[in-house]
Each structure stands twice: as C-alpha cells, then as structure tokens.
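A.B. asks:
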Amino acid sequence: MEVVAKVGVLVLIVALAGLGEADEPPKVEVYSRKQVAPGEENTLNCFVSGFHPPKIDVSLLKNGEPMSGVKYTDMSFNDKWYFERLVYVPFTPKKGDVYVCRVAHSAFKEPQSFRWEEDF
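Quick note: to get the numbering used here, add 8 to the position in the sequence shown (first position is 1).
(1) Between the C-alpha atoms of Lys102 and Glu49, what's the straight-line distance to the nearest angstrom?
(2) Can you list, in chain order, the residues of its chain with a C-beta nearer than 7 Å to that of Pro74? Leave out the 5 residues immediately preceding and following it.
(3) If you draw a straight line from the C-alpha of Val106 to the C-alpha of Arg41, how long is it?
(4) Just to confirm, is the Cβ distance from Ser57 to Lys79 under 9 Å?
(5) Of the residues Ser76, Arg110, Thr100 and Ala30, which one's Cα is nearest the Cα of Pro46?
(6) Classify Trp89 as buried or exposed, calling it buried when 16 or more other Cβ atoms lie within 10 Å of its own Cβ.
(7) Tyr90 lies in the beta strand (DSSP E); which residues open and close that run?
(8) Could you tell me the alpha carbon to alpha carbon distance between Glu37 and Asn53, rounded to whole angstroms?
(9) Please go through the same chain and pick out, in chain order, the residues whose beta-carbon is closer than 6 Å to the beta-carbon of Phe122, but skip the five residues on each side of it.
(10) Please state the DSSP three-state secondary structure of Thr51.
(11) Below 9 Å between beta carbons: does that hold for Pro98 and Thr51?
Set out below in structure tokens:
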C-alpha cells in the first residue's frame, strides 16, 4: 500500500511538472448574463478557461477605456489541471458602444482583444 501511494504521488508530481513546460493559451468567451435590451442594465462576462500557467491579466473595456466596477472570481482549475476565471461587470449596453475583453497571457505574443457581439 505504501509503495502504491508513493508511486501515485510521483506520477502527480511528474504530471504537474509537465504542465509547466508548455504555455496553453486561454479560451475566451464574452457574453451578457441575460438577453440584451438597449438601455437595460445587464452583466458583461468574460470567461477565460483552459490556460496554463495561471498568470493572466484580464480587463474589460468600453470604447477602448477600462470599465469601472469590474469583479474577478477566484482562480480555479478544471479536471485536466488547466485554469479558469470569470471576470464580470454590470453594464447598460447602448447601440454603438464597443465592449472588449482584453487578455494578456504568456501564450500570446501580445494582449488579445475579444469583442462582445451584441445581440440587439
């Protein structure tokens, strides 16, 4: 039993060490909490998932400017040991405004922007 436990710990250490060797870019989803109606308050969400290492910078922008009141959930990881995080902010969408989730991660050469596609 003791040998099996030691082998299990060794396998876990090797698996985690292997994760640190390659950067895995985040998958990014930008969406509103509920169906959009112009002028009605809603929540803008940016969900980043499947990335490694965990160091990541996520910001929400309105017309190119950082939004205020942005909140971040705790970083978590999935069953494959890749990380995920939700970033969100209350907002009142208006036609013509452009909302973007900007993500900086070591797997990207430069920060990437992901635009929210309004469904007015």
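Beta carbons: idealized from backbone N, C-alpha and C, even for Gly.
C.D. replies: Taking the geometry as given:
(1) Roughly 10 Å separates the two Cα atoms.
(2) Ser67, listed in sequence order.
(3) Each residue's CA atom was taken as its position, placing Val106 and Arg41 some 17 Å apart.
(4) Note that the C-beta distance between Ser57 and Lys79 is not below 9 Å.
(5) Proximity to Pro46 across Ser76, Arg110, Thr100 and Ala30 peaks at Thr100, based on C-alpha coordinates.
(6) Counting Cβ neighbours within 10 Å, Trp89 comes out exposed, since fewer than 16 surround it.
(7) Per DSSP, Tyr90 is not a residue of any beta strand (DSSP E), being assigned neither H nor E.
(8) Approximately 8 Å between the Cα atoms of the pair.
(9) Once the five neighbours on either side are set aside, the close Cβ partners of Phe122 are Val36, Val38 and Cys109.
(10) Three-state DSSP puts Thr51 in a strand.
(11) The Cβ atoms of Pro98 and Thr51 sit closer than 9 Å to each other.
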